[in-house]
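Trainee: What follows is a single structure, and I will ask about it in a moment.
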Amino acid sequence: MLYSGLLIALLAMGPVTTGSSYSECYENTFCVEVEDTGNSVEIYVRSMVDWEVTLSLDMQTANMRPDVALPLIQSVAGKQRSHAVTLKVRDIGRSWSFRYDLSWVPGDHKAQHNEGTAYELPFEKGESYMVGQGFHGQETHEGKYAIDFQLPEGTPVHAARGGMVIETVERFEEGRLDPALKSRANFVKILHEDGTVGYYVHFRFQGVEVEAGERVQAGELIGYSGNTGYSSGPHLHFEVFAATEDLSLRTFPVQFRTAERGLTHVTSGLFYTR
Ligand SMILES: [Zn+2]
Numbered sequence: 002m003l004y005s006g007l008l009i010a011l012l013a014m015g016p017v018t019t020g021s022s023y024s025e026c027y028e029n030t031f032c033v034e035v036e037d038t039g040n041s042v043e044i045y046v047r048s049m050v051d052w053e054v055t056l057s058l059d060m061q062t063a064n065m066r067p068d069v070a071l072p073l074i075q076s077v078a079g080k081q082r083s084h085a086v087t088l089k090v091r092d093i094g095r096s097w098s099f100r101y102d103l104s105w106v107p108g109d110h111k112a113q114h115n116e117g118t119a120y121e122l123p124f125e126k127g128e129s130y131m132v133g134q135g136f137h138g139q140e141t142h143e144g145k146y147a148i149d150f151q152l153p154e155g156t157p158v159h160a161a162r163g164g165m166v167i168e169t170v171e172r173f174e175e176g177r178l179d180p181a182l183k184s185r186a187n188f189v190k191i192l193h194e195d196g197t198v199g200y201y202v203h204f205r206f207q208g209v210e211v212e213a214g215e216r217v218q219a220g221e222l223i224g225y226s227g228n229t230g231y232s233s234g235p236h237l238h239f240e241v242f243a244a245t246e247d248l249s250l251r252t253f254p255v256q257f258r259t260a261e262r263g264l265t266h267v268t269s270g271l272f273y274t275r
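Taking our numbering, I'd label the letters of the sequence shown as residues 2 to 275.
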């Protein structure tokens, strides 16, 4: 499964006029704002979204000295502007330049997941479905705490945990076990209050019923299962992830509230009732 939250932006800049400012925005998520004070350049980041995002800012400079260790890894709260770096000009009489690389993932890189959190099974109350692939399954879950619930196409999908919807995709129509389709699955991402993200994948075409920015409760309908993207048959892939210090992602071994076994990790080959 590919994560679509990671984006790279590049910019090369020459010297700007003293007292001038400059700003550039990316993917409707972040703006980088640059202020030239004469003997230094101040770099700010401004979030355009309502939720917390962790960014990585790396820079290459000529005749400038950054005041922080790079790359800078920083969590920025929703709709906040925050100072990132001061670039001090070493030799005022000479020209200077810098460029930066910016990437980000949703949530907080310092997020701590409480393993005891009770998740709801992601389907209708009273229903019972089998787990196909479980944690670290050898088909496509190696190294990941991910779960495939064997939901037939069109099965209502319900939020396993409450939070804020931060990204949805429902435009894709095809699905099969073809690596070319890894980035062509429909999905929903929900940011939880602890900074982790619930990731629900393979919704059917136009099968997402929530929008980014919307708050949902555990158990609420979020869409309809399907078979889009890199998928061997209809199912719902679910995992909970958070950013790491180096902006890759780690997943967590979540537990579900089940009718037959109480609070439990779910296992491949078994049915579970919500
Ligand atoms: Zn899966």
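Where a beta carbon is used, it is the ideal one built from N, C-alpha and C, also for glycine.
What separation, rounded to the nearest whole angstrom, lies between the Cα atoms of V198 and Y146?
Mentor: For the purposes of this step, residue 198 is taken as residue 197 along the sequence shown, with counting starting at 1. For the purposes of this step, residue 146 is taken as residue 145 along the sequence shown, with counting starting at 1. Computed Cα separation, rounded: 13 angstroms.
Trainee: Would you list the residues sitting across from I44 in a DSSP beta bridge?
Mentor: Within the sequence shown, the letter at position 43 stands for residue 44. I44 is bridged to V35 and V86.
Trainee: What does DSSP give as the partner residues of T169 in its beta bridges?
Mentor: Here the question's residue 169 lines up with position 168 in the sequence shown. Partner(s): V189.
Trainee: In terms of DSSP beta bridges, what is A244 paired with?
Mentor: Along the sequence shown, one-based indexing puts residue 244 at 243. Answer is L250, bridged to A244.
Trainee: Looking only at C-alpha atoms, which of V241, G230 and Y225 sits nearest to E175?
Mentor: Residue 175 sits at position 174 when you count from the first residue of the sequence shown. Selected option, being the one with the closest Cα: G230.
Trainee: Verify whether the separation of the beta carbon atoms of G224 and V202 is less than 8 angstroms.
Mentor: Counting from one through the sequence shown, the residue named residue 224 turns up at place 223. Counting from one through the sequence shown, the residue named residue 202 turns up at place 201. No, these two residues do not count as a Cβ contact at 8 angstroms.
Trainee: Span of the beta strand (DSSP E) holding M131?
Mentor: Taking the first residue of the sequence shown as position 1, residue 131 is located at position 130. M131 -> beta strand (DSSP E) spans S129 to M131.
Trainee: Would you report the Cα separation of A119 and R258, rounded to the nearest angstrom?
Mentor: In the sequence shown, counting from the first residue as 1, residue 119 sits at position 118. In the sequence shown, counting from the first residue as 1, residue 258 sits at position 257. Each residue's Cα considered, the two are about 6 angstroms apart.
Trainee: Hey, out of Q256, V42 and S184, whose CA is closest to G117's CA?
Mentor: Against the sequence shown, residue 117 aligns to sequence position 116. Residue Q256 is the option with its Cα nearest to G117.
Trainee: Please list, in chain order, all residues of the same chain as P235 whose beta carbon is under 7 angstroms from its beta carbon, the five residues on each side excluded.
Mentor: Counted from its first residue, the sequence shown places residue 235 at position 234. Around P235: L152, P153, E154, S226, G227 and N228.
Trainee: Would E360 and V33 be called neighbours here (beta carbons separated by less than 8 angstroms)?
Mentor: In the structure displayed, the chain extends from 2 to 275; residue 360 sits before or after that span and is not available.
Trainee: Mark A70 as exposed unless 16 or more other C-beta atoms lie within 10 angstroms of its C-beta, in which case mark it buried.
Mentor: As a working mapping, residue 70 is identified with position 69 in the sequence shown. Exposed, because fewer than 16 other Cβ atoms sit within 10 Å of the Cβ of A70.
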